[in-house]
Amino acid sequence: MKNKIALVTGATSGIGKACALTLAKLGYNIIATGRRADRLKELAAELPNEVEYLPLVFDVRDREKVLEILGALPEDWKAIDVLINNAGNAHGMDPIQSGSLDDWDAMMDINVKGLLYVSKAIMKGMTDRKSGMIINIGSIAGKEVYPNGNVYCASKHAVDALTQGMRIDMNPFGIKVMAIHPGLVETEFSLVRFKGDEKRSESVYQGFEPLLAQDIADIVEFAVTRPPHVVIADVLVLPTAQASATLVKKS
Ligand code: NDP
Ligand code: 8X3
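In UniProt numbering, the protein residues as written are 1 to 251.
Structural data, given as structure tokens:
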């Protein structure tokens, strides 16, 4: 394949989908992942015709599956140029003393361990080829802690630390590593956090203009189009109405 290859996790909605479409418009062939196979199928119809597309259905929590599927990529798809570790969500928003163990497991298993499993499967190829770029989608919740954000914030602080660690360890191989830390972006994020409660989810984005998924994809476009000697290491991007993690009403 002549084109570069981008792998985007969590490309079935929101930020990941916008990133996949934007990278496709830039001419990247796209590997898109998620659990919802129907959504990955629909994405095919939205991609430009000239772009090659490989949808992969797996849960990032499933260590064996992640390593098996990403370890057996077709020959033409092995040389991944850009990995976007985007799959993730918040689950619940409770004071720590009444938080649910299942919610805690989900956030640590998906946002932290899932990111590690996917990265593990891809980093070896990048270091062997001495080229590549990893973009981790963190959050303002990885820079600040807000009331009832406890475990989600911890998971995103871990993403921040892992990004720094990856950048240091992969630096000798010329691999670029960055994190984008968004504030409030209107996606399916709150619907997942509040377990399908549409009213509560919509209220998160009322009374101000939130970021759009495309605003994050625009940053990805800027980052991947920098010359070889430039890495955009860390970006905090907020809606203009949001000055900190605690200032916007979340529910
Ligand atoms: P969405 O809920 O719209 O998208 C989340 C994506 O992650 C989906 O494609 C989903 O795919 C995928 N995903 C979730 N769990 C798993 C899993 N176990 N295995 C595989 N894929 C999974 O939310 P966003 O687009 O907003 O979220 C994307 C990232 O951005 C997350 O890491 C989130 O923490 C971060 N973020 C979001 C902000 C916001 O305000 N929206 C702000 C800051 C950061 P599927 O369900 O098909 O598996
Ligand atoms: C998502 C943004 O502020 O709800 O990471 O944590 S926030």
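Each residue gets a CB set at the ideal place from its N, CA and C atoms; glycine is no exception.
Note that the structure is predicted; figures quoted are calculated from it, not measured.
List the DSSP bridge partners of residue i.
i	result
H157	According to DSSP, H157 bridges with nothing at all.
H181	L236
M93	Its beta-bridge partners do not exist; DSSP assigns none.
K176	M133
I31	L7 and L54
L83	L7 and I134
L43	None, per the DSSP bridge assignment.
L212	In DSSP, L212 forms no bridge with anything.
When you measure from the CB of residue i to every non-hydrogen atom of the ligand NDP, does any distance come out below 6 Å?
i	result
L83	no
L73	no
I30	no
residue 275	In the structure as shown, the chain starts at 1 and stops at 251, and residue 275 therefore has no counterpart that could be examined.
L184	yes
V192	yes
T187	yes
I96	no
Between the C-alpha atoms of residue i and residue j, what's the straight-line distance to the nearest angstrom?
i	j	result
T127	M133	11 Å
K176	K4	15 Å
V224	I180	13 Å
T163	S100	27 Å
P228	F222	13 Å
V57	G207	37 Å
S190	E202	8 Å
I84	L238	20 Å
A161	L73	29 Å
G196	A213	20 Å
D218	T22	8 Å
L40	S13	9 Å
Y53	E64	23 Å
Is the beta carbon of residue j closer than 7 Å to that of residue i?
i	j	result
V51	N86	no
G138	I110	no
V145	V66	no
A20	A32	yes
A18	G34	no
Please indicate yes or no: does the CB of residue i lie closer than 6 Å to some heavy atom of the ligand 8X3?
i	result
A24	no
S139	yes
Leaving out five residues before and five after residue i in sequence, what residues of the same chain have Cβ atoms less than 6 Å from its Cβ?
i	result
V112	S155 and A158
V151	W104 and M107
E186	Y205 and P210
N136	N85, V159, T163 and A179
A37	V57
C153	A141 and V145
For residue i, which residues in the same chain have their Cβ closer than 8 Å to its Cβ, ignoring the five residues on either side in sequence?
i	result
residue 254	Nothing can be reported for residue 254: it is not among the residues displayed for the chain, which extend from 1 to 251.
K25	P48
R226	I232
Short of 7 Å in beta carbon distance, which residues of its chain neighbour residue i, apart from the five on each side in sequence? Order them along the chain.
i	result
R167	V177 and A233
S244	E144
Nearer than 6 Å: is that true of the beta carbon of residue i relative to any heavy atom of the ligand HEM?
i	result
R200	Absence of the ligand HEM from the depicted structure is noted, with the ligand NDP and the ligand 8X3 being the only ligands included.
Is the Cβ of residue i closer than 7 Å to any Cβ of chain C?
i	result
D102	The question asks about chain C, but that chain is absent: this structure has only one protein chain.
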